[in-house]
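End of the sequence shown sits at 1535 in my numbering; the numbers just go up one at a time, nothing left out.
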Amino acid sequence: MHWPDTIRQLGGDLLSLFSPPACGACGTALVRGEQKLCANCLMKMPKTNFHKIRGNLVEKCFWGRIPIEVATSYFYFLKSSDFQHLLHALKYKGRSDIGIYMGKRFGNELITQPEFKHFDRIIPVPLHADKLKKRGYNQSEMIAKGMSKAMNIQVDTKTLVRTTFTETQTKKSRIERWENVKSVFAANYETNLNGQHVLIVDDVLTTGATIEGCAQALLDKNPNVKISVATLAFAHTM
Ligand SMILES: [Zn+2]
């Protein structure tokens, strides 16, 4: 080790004395060699391993709705679990680094499957501009960034846009809400996705309506685009 490295290491150690980095899921202090998540949380992550299973629950979620090539989620969304805390930190506590980190891990697992190797671009579910301004980043884009590093596939944040702000939708009925979320996305004409295979990325999959809206918007302008889906968490309730 060179002197400057030693000093930098010492500086880092001193700094961590004052603000020890904590596990993004359970909050315990990380030890050297651990990044973002502690070894225990990594071990007990409730992974779905859906990327290895065709006809899995995520793929089934879209059957009869939109044509999807392959789909998967990294882990199961369990209420009050450490991984719910992790998603909360990613979305509301400014922890964009957790998105990149988890995306990288997820991407590294996906590329072990031939079906998840050959995408032309990764498109994160867009946030509305107002929300983006307030939050400072799009959590889905952070996940996509991490996946992009691991999978060596470009992230495209230009083609798909969110057109309407959906803040007031709590007052609407379930069906109206569904229709609402489906019609808020639009694809621009500048990018021709025909003949390409696109991976749509989001943080959590619940009803699938958001992803369906994104996929529909892409299909409307590019009838020959192939679409696949990857989300960090799977909270399918239907
Ligand atoms: Zn932990």
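Backbone N, C-alpha and C define an ideal beta-carbon position, used for all residues, glycine too.
The beta-carbon distance between Asn1519 and Ala1484, rounded to whole angstroms, is 7 Å. This is short enough to meet the 8 Å contact definition. No residue range can be given for Ser1480, since it is assigned to no alpha helix (DSSP H) and is classified by DSSP as neither H nor E. Burial check for His1385: the Cβ neighbour count within 10 Å stays below 16, so the residue is exposed. Here the C-alpha atom of Glu1438 lies approximately 12 Å from the C-alpha atom of Lys1446.
Burial state of Asn1435 is buried, judged by a 10 Å Cβ sphere holding 16 or more other Cβ atoms. Rounded to the nearest angstrom, the Cβ distance from Leu1375 to Pro1343 is 6 Å, consistent with a contact under 8 Å. For Arg1329, the number of other beta carbons within 10 angstroms of its own is below 16, and it is reported as exposed. Residue pairing of Phe1359 in beta bridges, as defined by DSSP: absent, with no partner found. Distance from the Cα of Cys1338 is smallest, within the candidate group Ser1316, Thr1345, Thr1369 and Asp1379, for Asp1379. The beta carbons of Leu1516 and Arg1418 sit no closer together than 9 Å. Of all C-beta pairs linking the stretch 1361 to 1375 to the stretch 1320 to 1329, fewer than three are shorter than 8 Å, placing the two stretches out of contact.
At least one heavy atom of ligand 1 lies closer than 8 Å to the C-beta of Ala1322.
The nearest non-hydrogen atom of ligand 1 is 8 Å or more from the C-beta of Leu1384.
It is roughly 11 Å from the alpha-carbon of Leu1354 to the alpha-carbon of Leu1502.
A straight line joining the alpha-carbon of Met1399 with that of Glu1487 spans about 31 Å. With a cut-off of 8 Å, the C-beta of Asp1379 is classified as near ligand 1, since at least one heavy atom of the ligand falls inside that distance.
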